[in-house]
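Q: Below are the structure tokens for one structure; questions will follow.
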Amino acid sequence: MPLDGIYEPSPSQWVRDQVELYESSGGTEGTTMRGLPVVLVTNVGAKSGKLRKTPLMRVEHEGAYALVASNGGAEKHPVWYHNLVASPQIVLRDETRQWDMKVRVVTGEERRIWWDRAVAAFADYADYQLRAEREIPVFVAEPIA
Numbered sequence: 001m002p003l004d005g006i007y008e009p010s011p012s013q014w015v016r017d018q019v020e021l022y023e024s025s026g027g028t029e030g031t032t033m034r035g036l037p038v039v040l041v042t043n044v045g046a047k048s049g050k051l052r053k054t055p056l057m058r059v060e061h062e063g064a065y066a067l068v069a070s071n072g073g074a075e076k077h078p079v080w081y082h083n084l085v086a087s088p089q090i091v092l093r094d095e096t097r098q099w100d101m102k103v104r105v106v107t108g109e110e111r112r113i114w115w116d117r118a119v120a121a122f123a124d125y126a127d128y129q130l131r132a133e134r135e136i137p138v139f140v141a142e143p144i145a
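Below you can see the structure in the form of structure tokens.
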């Protein structure tokens, strides 16, 4: 079931620009950040109810994706973290492909495995965790059957 609603662009200019390039090119441009692949996550805003779109580092394994709520190592979770907790259905776009997915926060050994995959895909996550006094949450997104 696809997400329905009105899209509200991010207040951050670089996010708006990346989302616009990703979507306007059909997923052939805007698919990297700092030279590494990114996916585009569409979710429902927890407070606004509007559709939000966020580029996140691509961490994929056997058709599932990790969504790392690092917020660059800041002390607070990114806003999209709260959106996913409130409404775990998303649309994930990986270049030209797109899926309806459901997310869940992973913990324990499963989190460790996904965290290791995330750090392998984007080494800065390890530094972000050292800076943050919180454990950085990791969601796993899986296709809705």
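For the sequence shown, the residue numbers in the numbering used here are 1 to 145. Note that CB positions come from ideal geometry on N, CA and C, so glycine has one too.
From the DSSP output, in three-state form, read off valine 148 for me.
A: The displayed coordinates of the chain run from 1 to 145. Any statement about residue 148 would go beyond what the structure contains.
Q: Identify every residue that forms a DSSP beta bridge with tryptophan 14.
A: For tryptophan 14, which the question treats as bridged, DSSP gives no partner whatsoever.
Q: Look up valine 38 in the DSSP assignment and say whether it is helix, strand or coil.
A: DSSP places valine 38 in strand when its eight states are reduced to three.
Q: Use the C-beta contact count for serine 70: other C-beta atoms within 10 angstroms, 16 or more gives buried, fewer gives exposed.
A: Looking at its Cβ environment, which holds 16 or more other Cβ atoms inside 10 Å, serine 70 is buried.
Q: Please say whether arginine 58 and proline 37 have beta carbons closer to each other than 8 angstroms?
A: Closer than 8 angstroms, so yes.
Q: Exposed or buried, which one is glutamine 211 when buried takes at least 16 other CB atoms within 10 Å?
A: For the chain, the structure presents residues 1 to 145; residue 211 sits outside this window and is missing.
Q: Answer with buried or exposed for leucine 40, where buried requires no fewer than 16 other C-beta atoms within 10 angstroms of its C-beta.
A: The residue is buried, with at least 16 neighbouring Cβ atoms inside 10 Å.
Q: Quick check on DSSP: helix, strand or coil for glutamate 142?
A: Strand at glutamate 142.
Q: Could you have a look at valine 79 and say whether DSSP puts it in helix, strand or coil?
A: Here valine 79 sits in helix by DSSP.
Q: Look at the Cβ atom of valine 140, then the Cβ atom of alanine 86, and state whether they are nearer than 8 angstroms.
A: For valine 140 and alanine 86, no; Cβs fall outside 8 angstroms.
Q: Is it buried or exposed for leucine 130, if we count other Cβ within 10 angstroms and need 16 for buried?
A: Per the 10 Å Cβ criterion, exposed.
Q: From what residue to what residue does the alpha helix (DSSP H) around leucine 130 run?
A: 124-131 is the span of the alpha helix (DSSP H), which, as asked, contains leucine 130.
Q: Starting from arginine 93, follow its DSSP beta bridges and name the residues at the other end.
A: DSSP, once it has assigned bridges, lists Leu40, Gln98 as partnering arginine 93.
Q: Grab the span of the beta strand (DSSP E) containing tyrosine 65 for me, first residue to last.
A: Its beta strand (DSSP E) spans residues 64-68.
Q: Starting from proline 137, follow the beta strand (DSSP E) in both directions and report where the run begins and ends.
A: That residue, proline 137, is in no beta strand (DSSP E); it is neither H nor E in DSSP.
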